[in-house]
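Q: First residue of the sequence shown: 1, per the UniProt record's numbering; consecutive thereafter.
C-beta: ideal position from N, C-alpha, C; glycine also.
All of these numbers come straight from a predicted model, not from anything done at the bench.
The following block contains the structure, expressed as structure tokens.
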Amino acid sequence: MRCLLLIHEQGSAAAGQEQTSIESTAVAEESLNECGYQVYTACSAADVPRCIHDIDAAVVHLPMARLNTWHRTLNEWKSMPLLWWCSPYAATASAAACEDDVPIDGIMTPTMSPAELHWALHIGAKQFFDRQQWDTERRQLRAQLEERKWIDMAKGILCDINRISEAEAYDLLRRRAMNERKRIVDVATSIVKAHQQLKA
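Shown next, in the form of structure tokens:
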């Protein structure tokens with residue numbers, strides 16, 4: 001991990017906190033540069049650099065309430081680890097959002113040493129990849145459950161119409177899928193939809 005995108009927003013803090021926000025962002029950029037990372041900064045989606053595909057992770061110095069918006073914006077370009085720079089400004093501005101579900105993979109603070117910042121990024125990247133794996137597995141399980149639903153409905157229809165057992169109905173589906181060179185779920189879906197149209 002070498003290139004980071006530091007995201008902050010100018011002009012969005014309350015009047016008294018604006019200077020604190022700017023100073024905290026400067027500390028974040030300096031700390032990450034000192035650790036050997038190439039740091040690009042962005043205040044808005046228009047500021048996201050053209051080299052977004054070379055960036056390894058995003059560090060956001062924002063109140064928690066704005067993290068979901070930035071997460072969606074970044075995902076339009078590239079999915080990447082998202083770490084929160086928890087400065088006194090960001091923490092104070094996030095007090096009301098502590099129960100929100102935000103997609104962060106790690107937290108970094110201004111008091112961390114270079115080694116701690118490195119490890120926070122490393123662990124955040126691992127958390128991100130684990131989260132991606134869980135999302136993929138969850139999507140696959142949902143798809144399998146959806147397929148199972150269509151197959152079970154088709155078996156029920158075949159059992160009723162042909163007065164056969166579930167095992168025989170499944171064998172019938174399987175044979176038809178082989179003959180038509182289709183997946184069983186596709187055959188099951190067509191049976192269920194045809195049956196629904198006949199009943200309508």
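Please check the pair isoleucine 151 and isoleucine 104, which I expect to be a contact at CB under 8 Å, by giving their CB distance rounded to whole angstroms.
A: Not a contact, Cβ separation roughly 39 Å.
Q: Determine the direct distance from the alpha carbon of alanine 65 to that of tyrosine 37, and round the result to whole angstroms.
A: Each residue's Cα considered, the two are about 27 Å apart.
Q: Judging by CA-CA distance, which residue of Pro49, Ala93, Asp171 is the nearest neighbour of residue 207?
A: Residue numbering for the chain in the displayed model covers 1 to 200; residue 207 lies beyond these limits and cannot be assessed.
Q: What is the residue span of the alpha helix (DSSP H) that threonine 189 lies within?
A: It spans 184-199 - the alpha helix (DSSP H) in which threonine 189 sits, taken as one unbroken run.
Q: Just confirm the distance between the C-beta atoms of serine 24 and proline 110, as a whole number of angstroms; I'd bet it's less than 8 Å.
A: Serine 24 to proline 110, Cβ: 7 Å. Contact.
Q: Give me the DSSP bridge partner(s) of valine 60.
A: DSSP output for valine 60 lists Ile7, Trp84 as bridge partner(s).
Q: For glutamine 10, verify whether its CB is less than 7 Å away from any heavy atom of the ligand FAD.
A: As presented, the structure is devoid of all ligands, the ligand FAD included, so that no description of it is given.
Q: Let me know the secondary structure DSSP gives valine 102 once reduced to three states.
A: Coil, per DSSP.
Q: Within a Cβ cutoff of 7 Å, which residues of the same chain sit near valine 192, ignoring the five residues on either side of it in sequence?
A: Excluding residues within five positions, the ones whose Cβ falls inside 7 Å are Trp150, Met153, Ala154, Ile157.
Q: Can you check DSSP and say which residues form a bridge with methionine 108?
A: DSSP lists Trp85 as partners of methionine 108.
Q: What number of angstroms, rounded off, separates the C-alpha of alanine 26 from the C-alpha of methionine 108?
A: Cα to Cα, the separation comes out at about 14 Å.
Q: Please state whether DSSP places tyrosine 37 in a helix, a strand or coil.
A: Three-state result, tyrosine 37: coil.
Q: For the structure I just gave you, are there three or more beta carbon pairs, one from the segment 109-124 and one from the segment 159-168, closer than 8 Å?
A: Too few Cβ pairs lie closer than 8 Å, so no.
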